[in-house]
Structure formats: C-alpha cells, structure tokens
Amino acid sequence: MRSVFLKIICVDLLLLSAVHAGTFTNNFSSSTPTGFTLNGGNRPAPNDTLIYPAIEGGILKLTYAENGETGSIVLDELDPGATNAGFTARFTVQIGGGSSTPADGWTLHFGSDIDSSSKFGEEGPGVPASGSGIDICFDTYDNGGGEAPAIDVKVNGVQVAHTPESVFFMLSDNFTNVFIQLNPNGTLNVSYKGQVIYTNLYLPGYAPVTGGRFAIGARTGGLNENNWFDDLGITTTVAGAPAAPTITAQTSRRARPSTNGLPSVSPSCRTARRRSTSSGSATTWP
Ligand SMILES: [Ca+2]
Ligand SMILES: [Ca+2]
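Following my numbering, the numbering of the sequence shown begins with 2 at its first residue and continues without gaps.
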C-alpha cells in the first residue's frame, strides 16, 4: 500500500512541475502587428522612404538585402510574470539573396532582459547582469577567427555551444524549417533544414526565466542578405510547484571547469548531430 501511495505522489509531482501556458501563431497574412512589436528603421536609399522590418506578401521581412539594417520582432509576454519551464518554437526562414558574401544572420532570443523596443542582430541583445536569457544564433558571416558561419547557443550572453556550418547550409533560397525546443529539464534541441544541430544540449548557467519575452533579431552590415520569416509558432509551459527536477550534468562524465567560471560542455553532450550528406534520410524532429 505504501509503495502505491508513493507512486501516486510521484505522478502528482510530475503533473504539477510544468503546465501548458502561452501560445503564439502568426502566418503574417495580415500586415497589422498583433501581439508583437517590430523595431527597425528606414531602409537605405533609394528605398529610404520605406521602413524595415515589414510584413509584405504574407512574409515578415526583418532585413532586406541592403546594408546597415538591424531589425527585430518582439512578442508580447506570452506568460506575464510567470516562470517559464520550456518552450517549442517552429517557424520558417529564407536567408540570402544579397551580396556574394552574405551577412550577418539572425538570432532567436528568449529572456527577461528585453522589452518591446529591443533591437538586435545575429549575436543577440547581450544580457546585462540584471537579466537572463538564451540565444540561438544563426551567424552567416565570419567576423574573425572562424566564429561563423555557425549555429551557436548563448546563456545569459555567454556562448555555451558552437557548431560551424558551411555558408551554403546557412542560406536558403526557399522557406525552410527551424525547430527550437527548450525542455523542462533545461536542455535544448535545435534542428534546421530538417537536420538535427543540437539534441538535449546541456546549458551551463541556465536558470528558468521569469517574465521573459521571445524575440527574433536580424542584421546586415557592410554586406547583406534578406532575413525573412514566416509561419511563426511558439508554445510554452510554465513552472508549477514543486519545481521540475533539473539535469545539471551528464552522469557519465565530469564537467570540466572553463575560463569563464561556468562548467564547460563535454563534446558528447554538446552536440549529437545526425547529418546526412544527401538530400534525403535526415533525422527530423516531430
Ligand atoms: Ca505567410
Ligand atoms: Ca558573425
């Protein structure tokens, strides 16, 4: 009888640990922003009477293939004041169509460090000491040292994972799928073009974010590319009481100290890529 009682308690704890909460979906069929704010500026001449970002033809265009643009979409808070326990983001992107060497890329950010006026590019907003957040950075241009092209992850502004890619892989002439999922145990899954980039990625320094907002920012500089988005869907879960158990380290390896004071990520838990060299047979997330 006692063991049955304990099992019931355990099931209850799991049910209470994460509760489905906010949802955002938009296919940008309406050019009126609803539930989000667009931050950008005027496009360069000869299009300087026009602004970016813009919703045109059912597509969200954060930047055009023009130099010197930084544009963001910032969603209204999906769970005002609540502590996030995970999310799933699905959308499509079309990147490229600009200079022969494209630049600079885009980032999905979730954090408590931004407001509706925030504007940032491929490196994310940068997180002050008073805030917290995570970035999934799709950086198309190497600013030096081979930092890109790459798909990187940051926690509180600190890079915790780096996966170099070819510029060919980073760009897409047609809308292609992005899947980003923060699990209730604080690990991250990312896939792009139907191929797994990160699975169950341990995020050193991550703590559940309270009062966070979702945003996507994109940038061009002295070189450019279109950074276009569509069919944006995000669902969240919020933390219940008691808190969900959190995986803090992989049991088979000891985390090594790193120079920034955070535990480093062992290669085996940083990435588990299933890349196919052909166009078919790629591993996909559901
Ligand atoms: Ca659309
Ligand atoms: Ca870069």
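Where is the CB? At the ideal position from N, CA and C, for every residue including glycine.
Decide if residue 147 is buried, meaning its Cβ has at least 16 other Cβ atoms within 10 Å, or exposed.
By one-based count along the sequence shown, residue 147 stands at place 146. Classification for residue 147: exposed.
Same chain, Cβ closer than 7 Å to residue 127, neighbours up to 5 away in sequence not counted
Walking along the sequence shown from the start, residue 127 turns up at place 126. Cβ within range, chain order: 158.
Could you spell out the range, first to last residue, of the alpha helix (DSSP H) harbouring residue 210?
Within the sequence shown, numbered from 1, the residue matching residue 210 stands at position 209. Taken as a continuous stretch (DSSP letters only), residue 210 belongs to no alpha helix (DSSP H), as it is neither H nor E.
Can you tell me which of 138, 69 and 85 puts its alpha carbon nearest to the alpha carbon of residue 208?
As a first step, residue 208 must be located in the sequence shown, where it is residue number 207. Nearest of 138, 69 and 85 to residue 208, Cα basis: 85.
Can you determine whether any heavy atom of ligand 2 sits closer than 8 Å to the C-beta of residue 57, and answer yes or no?
Numbered from its first residue, the sequence shown carries residue 57 at position 56. No.
Counting Cβ pairs, one atom from each stretch, are 3 or more of them under 8 Å apart for the region 177-188 and the region 214-228?
no
Using 8 Å as the cut-off, classify the Cβ of residue 28 as near or not near the heavy atoms of ligand 1, replying yes or no.
Your numbering for residue 28 matches position 27 in the sequence shown. Correct: residue 28 has its Cβ closer than 8 Å to ligand 1.
Among 32, 100 and 136, nearest to residue 59 - alpha-carbon criterion:
As a first step, residue 59 must be located in the sequence shown, where it is residue number 58. That would be 32, whose Cα lies nearest to the Cα of residue 59.
May I ask which residues mark the beginning and end of the alpha helix (DSSP H) holding residue 170?
For the purposes of this step, residue 170 is taken as the residue at position 169 of the sequence shown. Taken as a continuous stretch (DSSP letters only), the alpha helix (DSSP H) holding residue 170 covers 168-171.
Which residues end up in the neighbourhood of ligand 2 when you take C-beta atoms closer than 5 Å to any of its heavy atoms?
140, 142, 144 and 149
Would residue 199 and residue 154 be called neighbours here (beta carbons separated by less than 9 Å)?
The residue labelled residue 199 in the question sits at position 198 within the sequence shown. The residue labelled residue 154 in the question sits at position 153 within the sequence shown. Yes.
Does residue 205 pass the burial test, meaning 16 or more other C-beta atoms within 10 Å, or should it be called exposed?
Within the sequence shown, residue 205 is the residue found at index 204, counting from 1. The residue in question, residue 205, is buried, as its Cβ has 16 or more Cβ neighbours within 10 Å.
Applying the 10 Å Cβ sphere with the 16-neighbour rule, what's the burial state of residue 48?
By one-based count along the sequence shown, residue 48 stands at place 47. Per the 10 Å Cβ criterion, exposed.
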